[in-house]
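Student:
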Amino acid sequence: MSNTKILSRSEIEHRISQGDAIVIFENSVLRMNKWIKYHPGGDKAVHHLVGRDATDEMIAYHCDETQATFKKWKIGEINYKWLNFLPPIQGGKFRSFEEQKWEKLNSEKPPREKLTPSSSSEDFKLSSSTEPSDVEDVLINPKPEIQHKKMSGEQEVIITPKIPQGFIPSLSTKEAYERKVIKDPSDVIDDYDNLKVEQDLKSIPSLDYKTQQLLSDEYNKLHDVIIEGGFYQCPYWEYAKEASRIGTLFGIAFFLLYKRWLFTSAVFMGLAWQQLVFIAHDAGHISITHHYQVDNIIGMVVASFIGGLSLGWWKRNHNVHHLITNDPVHDPDIQHLPFFAVSTRLFGNIYSTYYEKFLWFDEFAKKLIPIQEYMYYPILCFGRFNLYRLSWQHVLMGEGPRHGKAAWFRYFELAGLIFFNYWFFYLICYKTLETTSQRLVYILVSHITTMIVHVQITLSHFAMSTSDLGVSESFVSRQMRTTMDVDCPAWFDFFHGGLQFQAIHHLFPRIPRHNFRKIQPLVIGFCEKVGLKYSIYGFVDGNGVVIDRLADIAKQARIMRDCTKAMKKEAIEEGKYFDI
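Its first residue numbered 1, the sequence shown is counted upward by one per residue in UniProt numbering.
(1) For the ligand MN, is there any heavy atom lying closer than 7 angstroms to the beta carbon of Val294?
(2) May I ask you to report which of helix, strand or coil DSSP gives Lys93?
(3) Please list the terminal residues of the continuous alpha helix (DSSP H) segment that includes Val395.
(4) Is the CB-CB distance between Ile279 and Val294 below 8 angstroms?
(5) In the DSSP assignment, the beta strand (DSSP E) including Phe25 goes from what residue to what residue?
(6) Check for me: the beta strand (DSSP E) holding Val320 runs from which residue to which?
(7) Since Arg31 is in the beta strand (DSSP E), which residue starts that stretch and which ends it?
(8) Does Val540 pass the burial test, meaning 16 or more other C-beta atoms within 10 Å, or should it be called exposed?
(9) So which of Lys569, Val320, Tyr61 has the shortest CA-CA distance to Ala45?
(10) I need the straight-line Cα distance from Ser172 to Gly470, nearest angstrom please.
(11) Which same chain residues end up closer than 6 angstroms to Ser343 when comparing Cβ atoms and leaving out the 5 residues on each side of it in sequence?
(12) Using beta-carbon positions only, say whether Tyr534 and Met480 come within less than 8 angstroms of one another.
(13) If we ignore side chains and look at the alpha-carbon of each, how far apart do Cys63 and Glu434 end up?
(14) Looking only at its own chain, which residues have a Cβ that is under 8 angstroms from the Cβ of Asp200, when we skip the five neighbours before and after it?
(15) So, with DSSP's three-state summary, where would you put Ile452?
(16) Tell whether a beta-carbon distance below 8 angstroms holds between Asp217 and Arg513.
(17) Across the stretch 38 to 55 and the stretch 398 to 416, are there enough close Cβ pairs to call them in contact, namely three or more that are closer than 8 angstroms?
(18) Got a sec, what are the start and stop residues for the alpha helix (DSSP H) Tyr411 sits in?
(19) Using a 10 Å radius around the Cβ and a threshold of 16 neighbouring Cβ atoms, would you call Leu162 buried or exposed?
(20) I need the DSSP call for His486, collapsed to helix, strand or coil.
(21) How big is the Cα-Cα spacing for Glu363 and Glu373?
(22) Cβ of Ser472 within 8 angstroms of Cβ of Tyr209?
(23) If we call anything under 8 angstroms between Cβ atoms a contact, is Asp487 one with Ile504?
(24) Taking the alpha carbon of Gly542 as the point to measure from, which residue in Gln456, Ala341, Lys565 has its own alpha carbon closest?
(25) Since Phe361 contacts Leu346 with CB under 8 angstroms, what's their CB separation in whole angstroms?
(26) Given a cut-off of 8 angstroms on the beta-carbon distance, is the pair Asp20 and Arg9 in contact?
(27) Compare the Cα-Cα distances from Leu262 to each of Ser446, Pro509, Trp313 and report the closest residue.
(28) Measure the C-alpha to C-alpha separation of Ala406 and Ser304 and round it to an integer number of angstroms.
(29) Can you confirm whether the stretch 376 to 388 touches the stretch 557 to 570 when touching is taken to mean that 3 or more C-beta pairs between the two stretches lie within less than 8 angstroms?
(30) Which residues in the same chain have their Cβ closer than 7 angstroms to the Cβ of Phe250, if we skip the five residues on either side of it in sequence?
(31) In terms of residue numbering, what span does the beta strand (DSSP E) encompassing Lys74 cover?
(32) By the three-class DSSP mapping on this structure, what secondary structure does Asp53 have?
(33) What do you reckon, are the CB atoms on Ala341 and Ile369 nearer than 8 angstroms?
(34) Asn296: buried (16+ other C-beta within 10 angstroms of its C-beta) or exposed?
(35) Looking at the strands, I want to know which residues DSSP matches up with Ile536.
(36) Which residue or residues does DSSP assign as beta-bridge partners of Ile6?
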């Protein structure tokens, strides 16, 4: 097929319905079927872009060298304004040529003459080259058998999107956020979420495609300014200071261990791990050397061999988080049931498209979520233990890429995890420490100290919007709506490790974090120009905002619980009445 062939929207929809992973990039139509299993960032990231114009996302996450390879998957072009489909993984429905023609025929017939695929007359058969505009010429074959193939990323269960395909929410479309008197427990979920949707619609530019395209154009102009300003150049001297700081923390930890100051040694061990995470984060985004293999080796050495965590697991998880930020159904970074819920939609036993399982709002969750604001910090104290579990699961189950240039990472990380357990749990905790109580205290104190980084990570998103505003919203609008920055003095930047500029990082994930403060004025000016809100709080105030959000969701959980109890009581009383 010639690369200059213009593909109609109908043909692209048909291809997706037949299982093709079609992504739009700079007016090129890319068929990513063969690439998905090689994609170093994981298959889920590609699935969330199917049927969409993903130009901004693909440029933001890939270097120029990688972008140059995109066109090898090109099967055609579009010469018209693209309106995004809802990806199959998010519940999008796609029609084959046959189904498109049936709908066209039915739309032209009176209600009593509507056709169905099982009609006994006027049925048809199509070739792959037939266009829906030729419908008058295809009424030839009775009882067509329409074959349904599994679409790229389509889930085994039915995913019902909050905003249906083609619907653009606005303040004039009240069905997007209409609330009602609570009469049923499920009303709590919808009413609170709709309230948040209404608040979002009041605070962001219009979601129509023209306005969102203007946002995208201005974002790309800003990106050009940042590139021309040399902000992608890594200040390697900063990493020399990072290595010196982290090395000092580890050195103090080992010295104090030698002196048998075990509690203090464990604290410094945890502080070293907390700082180490930031380098792994940079390497995972290819923002140190900008060389894929080199940065990943740096990241795996730091994360797996020294920290005991899988960089591959984090990348697969984190890439989805960046693309579909703060969506309760799709973003694994806010799917923490039964411990936390930052959206009432999580009360509805939703199906996680990332974990491919239901997140049950079970009895344990119903007891814990109503008090989650009090459990926030205690639960985060044990967050690192959960990361161990996820890391081992990722490596042992082979959840990362098994083909291409990232395939060997699995075995390198496995060696790293084994090495970490050898030097920390065996040599330090078992061989160096003498009693079980000493080992237990050392492990708990060192791991609880790393709670700081879990607070830093959740701080940027837990208090922000979790609304689904449909597929017309631009990349830049979603990132600014769902992410906040933390204000701190420049001398204290090392403590936050770049996570204090999370909104800026979400806009430009490959920029070295030591340059974030330099481009902050540019981002603030951009937001003022286009009407997007740049959310920034001090560390203490930001924690307060997160706690308030958790408390608000906890209140909704209590309301739903009380509503359920009242309905059960009413049903029992009615039963007694009828028994009499």
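Beta carbons are placed, not taken as given, at the ideal position from N, Cα and C, and that holds for glycine.
Tutor: Based on what the coordinates show:
(1) Of the ligands one can find in the structure shown there are none, so the ligand MN has no counterpart to examine.
(2) coil
(3) 383 to 396
(4) no
(5) Where Phe25 is concerned, the enclosing beta strand (DSSP E) stretches over 22 to 25.
(6) Here Val320 belongs to no beta strand (DSSP E); instead the alpha helix (DSSP H) covers 311 to 323.
(7) Going by DSSP, Arg31 is part of the beta strand (DSSP E) stretching over 28 to 31.
(8) exposed
(9) Val320
(10) 15 angstroms
(11) Pro328, Thr466
(12) yes
(13) 51 angstroms
(14) Ser465, Ser467, Leu469, Arg481
(15) helix
(16) Contact: no.
(17) yes
(18) 409 to 420
(19) What sits at residue 162 in the sequence shown is Lys, not Leu. Burial call: buried.
(20) Inspection of the sequence shows that residue 486 is occupied by Val rather than by His. Val486 falls in the strand class under three-state DSSP.
(21) 18 angstroms
(22) yes
(23) no
(24) Gln456
(25) That pair is a contact at about 7 angstroms.
(26) Judged by beta-carbon spacing, Arg9 lies beyond the 8 angstroms limit of Asp20, meaning their Cβ atoms are not closer than that value.
(27) Ser446
(28) 16 angstroms
(29) no
(30) Excluding its 5 nearest sequence neighbours in each direction, Phe250 has C-beta neighbours in its own chain below 7 angstroms: Ala272, listed in chain order.
(31) 74 to 77
(32) Correct three-state label for Asp53: strand.
(33) yes
(34) Classified as buried, Asn296 has 16 or more neighbouring CB atoms from the shown chains inside 10 Å of its CB.
(35) Asp485
(36) Looking at the DSSP assignment, Ile6 forms a beta bridge with Glu77.
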